[in-house]
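J.: Numbering (this note's numbering), first residue to last: 1 to 125. One structure follows; several queries about it will come next.
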Ligand SMILES: [Zn+2]
C-alpha cells in the first residue's frame, strides 16, 4: 500500500526542517561550550552529569541525537519507499503519528496491541 506522494513529500519536508533545527541547535550548544569551557568529552556522560548544568545539557543533546537518528532513519525509509507503512499489518500509519514519532514502524492499532501484550507479560519492565 503506497503512501500518497504528496503526503510523503510533506512529511519529508517536515523531517528535513526538524533535522536542520536540531543540527543548528547542537552546533550552537557545542560552540557555546567551546567558548566557555574545555571541550566536552562526548562519551563520558557520567562524568558530565556530575556537573548539573552540563548534565542537563548533555541529556538534551543526547535526546536530540536520538531524534536525529530517528529522522535519518525515517528519511532513509522514505527513499527506500517503505516509510509510513505498518510493518505488522501493512496499513498506512497516520500522518500525525508519523510526525510525532518519525521512526515508528507500527500503526497505532498494532502499537496499542503490542503494548497491552507487553504489559501483560513483562509489567513495568
Ligand atoms: Zn498495523
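Cβ atoms here follow ideal geometry from the backbone N, Cα and C, with glycine treated the same way. In this text, all values refer to a predicted model and were calculated from it rather than measured experimentally.
1. Near residue 95, which residues of its chain fall below 7 Å by C-beta distance, leaving aside the five closest residues on each side in sequence?
2. With residue 97 as the anchor, note down where its alpha helix (DSSP H) starts and where it stops.
3. Beta-carbon within less than 7 Å of residue 78's beta-carbon, same chain only, minus the 5 sequence neighbours each way: which residues are those?
4. Of all the options 73, 15, 29, which has the alpha carbon lying nearest to the alpha carbon of residue 62?
5. Return yes when the C-beta of residue 106 is under 8 Å from any heavy atom of ligand 1, and no when it is not.
6. For my contact list, residue 87 and residue 75 are in at a C-beta cut-off of 8 Å; report their separation, rounded to the angstrom.
7. Look at residue 26 and residue 69 and say whether their C-beta atoms are less than 9 Å apart.
8. Can you name the start and end residues of the alpha helix (DSSP H) that residue 88 belongs to?
9. For ligand 1, any of its heavy atoms closer than 8 Å to the Cβ of residue 18?
T.: To lay it out plainly:
1. 7, 11
2. 95 to 100
3. 8, 12
4. 29
5. yes
6. The pair is not a contact, with the Cβ atoms about 17 Å apart (cut-off 8 Å).
7. no
8. Where residue 88 is concerned, there is no enclosing alpha helix (DSSP H), given that its DSSP letter is neither H nor E.
9. no
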